[in-house]
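Encoded as structure tokens, the structure appears first; notes follow it.
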Amino acid sequence: LHQLLRIADTAIVSILNYGHWRARMSMVMRGRMPHTRALSQPWFETANIRPCTVRDFQDLIRISGIKVGRAYGLSKEREVSVIKPGFEGQSNLFAEQAVFELLRPEKPKGKRRR
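By my numbering, the letter at position 53 of the sequence shown is numbered 176, and the numbering carries on one by one without gaps.
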């Protein structure tokens with residue numbers, strides 16, 4: 124993420140949400156990684172390097188010092204919901220995917236070196 128924001132002021136990142144209720148039920152009932160329409164490939168064949176939930180991704184962003192411009196949860200029914208900081212629980216449970224606008228962190232103001 125830092126490399127994306129090194130070359131651009133803004134980055135658009137989308138994730139598959141493994142916190143979605145269908146994914147959770149799949150793991151509880153089958154004891155296996157989820158296999159849904161949005162998560163159609165087996166976990167070992169997917170290009171997703173690090174599966175996560177909306178909350179996990181927001182934690183990563185916060186820890187990394189990256190700012191979020193806008194964030195949206197997307198459902199199977201093509202419903203779009205705004206993900207607001209501190210209120211991501213509903214999106215974590217009902218959004219199959221999430222899209223984040225990430226903003227480059229501001230550099231600390233200080234003396235310039237010459």
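All C-beta atoms, glycine included, are put in the ideal place defined by N, C-alpha and C.
Given that a residue counts as buried once 16 or more other Cβ atoms are within 10 Å of its Cβ, and exposed if not, what is residue i?
i	result
Ala194	buried
Ser214	buried
Under 8 Å between the Cβ atoms of residue i and residue j?
i	j	result
Val191	Ile184	yes
Gly142	Leu216	yes
Ala221	Ile135	no
Go ahead and pull the three-state DSSP assignment for residue i.
i	result
Leu226	strand
Ile138	strand
Gln220	strand
Using DSSP bridges, identify the partner residues of residue i.
i	result
Ser204	Gly196
Val191	Leu225
Thr133	Leu226
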